[in-house]
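Number of protein chains: 2
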Amino acid sequence: MSAFPDRTTRAEIELGGTFQPKFGPDGLIPCITQDHATGEVLMFAFMNAESLTHTLRSGQATYWSRSRQKLWKKGEESGNVQLVRELRTDCDQDVVLIKVEQAGAANASCHNGYKSCFYRRLTALDDPAYALETNAKPLFDPKDVYKR
Amino acid sequence: MSAFPDRTTRAEIELGGTFQPKFGPDGLIPCITQDHATGEVLMFAFMNAESLTHTLRSGQATYWSRSRQKLWKKGEESGNVQLVRELRTDCDQDVVLIKVEQAGAANASCHNGYKSCFYRRLTALDDPAYALETNAKPLFDPKDVYKR
Chain A
1 MSAFPDRTTR AEIELGGTFQ PKFGPDGLIP CITQDHATGE VLMFAFMNAE
51 SLTHTLRSGQ ATYWSRSRQK LWKKGEESGN VQLVRELRTD CDQDVVLIKV
101 EQAGAANASC HNGYKSCFYR RLTALDDPAY ALETNAKPLF DPKDVYKR
Chain H
1 MSAFPDRTTR AEIELGGTFQ PKFGPDGLIP CITQDHATGE VLMFAFMNAE
51 SLTHTLRSGQ ATYWSRSRQK LWKKGEESGN VQLVRELRTD CDQDVVLIKV
101 EQAGAANASC HNGYKSCFYR RLTALDDPAY ALETNAKPLF DPKDVYKR
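Chains A and H, in that order, are what the protein sequence lines are. Here the numbering used here is used: the first residue of the first sequence is 1, the next is one more, and so on. Here the numbering used here is used: the first residue of the second sequence is 1, the next is one more, and so on.
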C-alpha cells in the first residue's frame, strides 16, 4: 500500500493542492533530477513508493534500481549524494521532478564521471549519421568505478 | 524496424559517438522537454521511433500519445508548437532530452494553461499532509480547451 494520498478526481489531481502521485502497473513513477542552481538536467530514473518516501524523509534522492531490483540510495557507494531542495509534480501527477544540490567527492551524477548523464548531444538534428558530440569534461575517471 | 543505428556494445553506447536510442518493450523512449533559454523543464512524454524521426526531420517536437495511441504533433491543435534546438541522450541512451523554444499563441506547454506542466511543488518535503502549492500563472484559460 502506498503511503501517499489516494488518487481522487481529475480536477483535484490536475489543479488541486494535494500530492497524489500515480505509480504505474510496475509500481514505479519516473523522476527527472535537475540541478537546483543551474537548471541542468542531471539524470532520469524511477522511484517506487518506498524510495519516494525515503527521498522525502531523508532529504536525499533515493531511486529504485530496475536492473538491480533494489532501493538505490544515490551516492551510497560513490559518496556523490543528491540533497533535495524541491519536489515538483506534473499536471496528471504521474512524474516527479526533484531539484537537488549534487554533493560529494566529485559532484558527479553519472557513473561515467560526468556531472550530468546527458553529456552528449546530436551534432545536428538532420545528421543522417546520427553523430553525437560532447563538450563536457568528466569529473572523475570512471575506470575507478569499474575497478571497484 | 527502427530507422536508428543498432545498439552495439556497452562502451559504444555509453561513451561512443553514435546515437543508438533504446526503445522499451512497448516501443517507447521517455523524453524530457526543457526550455532552451531558461532550462525550465516544460513537460515529460514518450516517443516511439516514428515520433522521434518526425521530431528530427521537422524540427518540431512530436510525441506518442499513450492515451490516444497516436502520433502527437505538439501544438497541432493548440498552436503551441515546440521548436527543437538541441537533442541530448543519457549514458545508456534510453532517455532523450530535447531543448525547445516554446512558440505559438500562448507559449504554454501544458493543457492546463501553464508554461510548464510542473507548476506545483510540495510546500515542504516533510509535510505530512503532502500539500502542493504553485506560484505559476496560467497563460491561457484551460476552459477554452475543454470547450473545444
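The beta carbon of each residue, even a glycine, is placed where N, CA and C say it ideally should be. In this text, all values refer to a predicted model and were calculated from it rather than measured experimentally.
Partners in chain H for P128 (chain A), counting only beta-carbon separations shorter than 9 Å: The count along the first sequence starts at 1 and reaches residue 128 (chain A) at position 128. Ordered by position in chain H, no residue passes the 9 Å Cβ test against P128 (chain A), which lies about 10 Å from the chain.
C-alpha distance - M1 (chain A) paired with L139 (chain A), whole-angstrom precision: On the first sequence, position 1 is the one that residue 1 (chain A) refers to. On the first sequence, position 139 is the one that residue 139 (chain A) refers to. Residue confidence is low: M1 (chain A) scores 49 on pLDDT, short of 50, so the model does not pin down where it sits. Its coordinate-derived value is still stated next. Taking the straight line from one Cα to the other gives about 40 Å.
R57 (chain H) - containing alpha helix (DSSP H), residue span: For the purposes of this step, residue 57 (chain H) is taken as the residue at position 57 of the second sequence. Taken as a continuous stretch (DSSP letters only), the alpha helix (DSSP H) holding R57 (chain H) covers 49-58.
Selected residue, minimal CA-CA separation from M43 (chain H), among H:R57, H:F4, H:S58, H:T62: Against the second sequence, residue 43 (chain H) aligns to sequence position 43. Closest by alpha carbon: H:T62.
Any C-beta of chain A under 8 Å from that of A11 (chain H): Residue mapping note: residue 11 (chain H) aligns to position 11 of the second sequence, counting from 1. Answer no: the Cβ-Cβ gap between A11 (chain H) and chain A never drops below 8 Å.
Rounded separation between A131 (chain H) and W64 (chain A) - CA only: Residue 131 (chain H) sits at position 131 when you count from the first residue of the second sequence. Residue 64 (chain A) sits at position 64 when you count from the first residue of the first sequence. Rounded to whole angstroms, A131 (chain H) to W64 (chain A) spans 24 Å at the Cα level.
Beta-carbon neighbours of E40 (chain A), restricted to chain H and to distances below 8 Å: By one-based count along the first sequence, residue 40 (chain A) stands at place 40. Going along chain H in sequence order, the residues near E40 (chain A) (Cβ under 8 Å) are G39.
Rounded separation between R68 (chain H) and A3 (chain H) - CA only: Numbered from 1 along the second sequence, position 68 holds the residue referred to as residue 68 (chain H). Numbered from 1 along the second sequence, position 3 holds the residue referred to as residue 3 (chain H). Rounded to the nearest angstrom, the two C-alpha atoms are 23 Å apart.
At least three beta-carbon pairs within less than 8 Å, the region 79-97 of chain H to the region 28-35 of chain H: yes
Which listed residue (A:A45, A:D94, A:A108) has its alpha carbon closest to that of A71 (chain A): In the first sequence, the residue the question calls residue 71 (chain A) occupies position 71. According to the sequence provided, residue 71 (chain A) is Leu. The question's Ala does not apply to it. The candidate whose alpha carbon is nearest that of L71 (chain A) is A:A45.
Buried or exposed (CB count within 10 angstroms, at least 16 for buried), D90 (chain A): For the purposes of this step, residue 90 (chain A) is identified with residue 90 of the first sequence, where counting begins at 1. Looking at its Cβ environment, which holds 16 or more other Cβ atoms inside 10 Å, D90 (chain A) is buried.
Endpoints, beta strand (DSSP E) assigned at L83 (chain H): Position 83 of the second sequence, counted from the start, is the residue given in the question as residue 83 (chain H). 82-89 is the extent of the beta strand (DSSP E) around L83 (chain H).
Residue from A:A106, A:A108, A:F118, A:G27 with nearest C-alpha to V95 (chain H): The residue you call residue 95 (chain H) lines up with position 95 of the second sequence. V95 (chain H) has its Cα closest to that of A:F118, out of A:A106, A:A108, A:F118, A:G27.
The alpha helix (DSSP H) enclosing L15 (chain H), as first and last residue numbers: To locate residue 15 (chain H), count along the second sequence from 1; it is residue 15. From DSSP, the alpha helix (DSSP H) with L15 (chain H) extends over 10-15.
Same chain, Cβ closer than 6 Å to Q20 (chain A), neighbours up to 5 away in sequence not counted: In the first sequence, counting from the first residue as 1, residue 20 (chain A) sits at position 20. Here the set comprises P5, R7, I13, Q93.
8 Å Cβ cutoff, G104 (chain H) in contact with chain A: Stepping through the second sequence from its first residue, residue 104 (chain H) is reached at position 104. No, no contact with chain A.
is_contact[R88 (chain H), chain A] using C-beta, thresh 8 Å: Position 88 of the second sequence holds residue 88 (chain H). Taking Cβ atoms only, chain A reaches closer than 8 Å to R88 (chain H), which makes this a yes.
Delimiting residues of the beta strand (DSSP E) encompassing K70 (chain H): Here residue 70 (chain H) corresponds to residue number 70 of the second sequence, with the count starting at 1. Note, K70 (chain H): beta strand (DSSP E), 70-73.
Beta carbon proximity, H36 (chain H) to chain A, threshold 8 Å: Within the second sequence, the letter at position 36 stands for residue 36 (chain H). No, its Cβ sits nowhere closer than 8 Å to a Cβ of chain A.
Neighbour flag for A131 (chain A) against chain H, beta carbons, 8 Å: Counted from its first residue, the first sequence places residue 131 (chain A) at position 131. It does; some Cβ of chain H falls within 8 Å.
N- and C-terminal bounds of the beta strand (DSSP E) containing S65 (chain A): Numbered from 1 along the first sequence, position 65 holds the residue referred to as residue 65 (chain A). Where S65 (chain A) is concerned, the enclosing beta strand (DSSP E) stretches over 62-65.
Local conformation of K137 (chain A) per DSSP, three classes: Taking the first residue of the first sequence as position 1, residue 137 (chain A) is located at position 137. It is coil, neither helix nor strand.
Of the listed residues A:Q60, A:R88, A:E86, nearest to G75 (chain A) (C-alpha basis): As a first step, residue 75 (chain A) is located in the first sequence; it is residue number 75 there, counting from the start. Looking at the Cα atoms, A:Q60 is the closest of the given residues.
Distance, G27 (chain H) Cα to R121 (chain H) Cα: Counted from its first residue, the second sequence places residue 121 (chain H) at position 121. Counted from its first residue, the second sequence places residue 27 (chain H) at position 27. Rounded to whole angstroms, R121 (chain H) to G27 (chain H) spans 31 Å at the Cα level.
Q102 (chain A) versus A136 (chain A): straight-line alpha-carbon distance, rounded: Locating residue 102 (chain A) in the first sequence gives position 102, where the first residue counts as 1. Locating residue 136 (chain A) in the first sequence gives position 136, where the first residue counts as 1. Rounded to the nearest angstrom, the two C-alpha atoms are 16 Å apart.
As assigned by DSSP and simplified to three states, the class of K22 (chain H): By one-based count along the second sequence, residue 22 (chain H) stands at place 22. Three-state result, K22 (chain H): coil.
Under 7 Å from the C-beta of E14 (chain H): neighbouring residues of chain A: The residue labelled residue 14 (chain H) in the question sits at position 14 within the second sequence. Chain A residues near E14 (chain H): N112.
Option nearest S78 (chain H) by Cα separation, candidates H:A129, H:A11, H:R10, H:D141: Locating residue 78 (chain H) in the second sequence gives position 78, counting from the first residue. Comparing Cα-Cα distances from S78 (chain H) to each of H:A129, H:A11, H:R10, H:D141, the minimum goes to H:D141.
As assigned by DSSP and simplified to three states, the class of K99 (chain H): Start at 1 with the first residue of the second sequence, and residue 99 (chain H) comes out as number 99. K99 (chain H): strand per DSSP, three-state reduction.
Rounded separation between H111 (chain A) and K143 (chain H) - CA only: Position 111 of the first sequence, counted from the first residue, corresponds to residue 111 (chain A). Position 143 of the second sequence, counted from the first residue, corresponds to residue 143 (chain H). Cα to Cα, the separation comes out at about 45 Å.
Identity of the residue in A:L15, A:T9, A:T55, A:S58 nearest Y114 (chain H) by Cα: Translated into the one-based positions of the second sequence, residue 114 (chain H) becomes position 114. Here the closest residue by C-alpha is A:L15.
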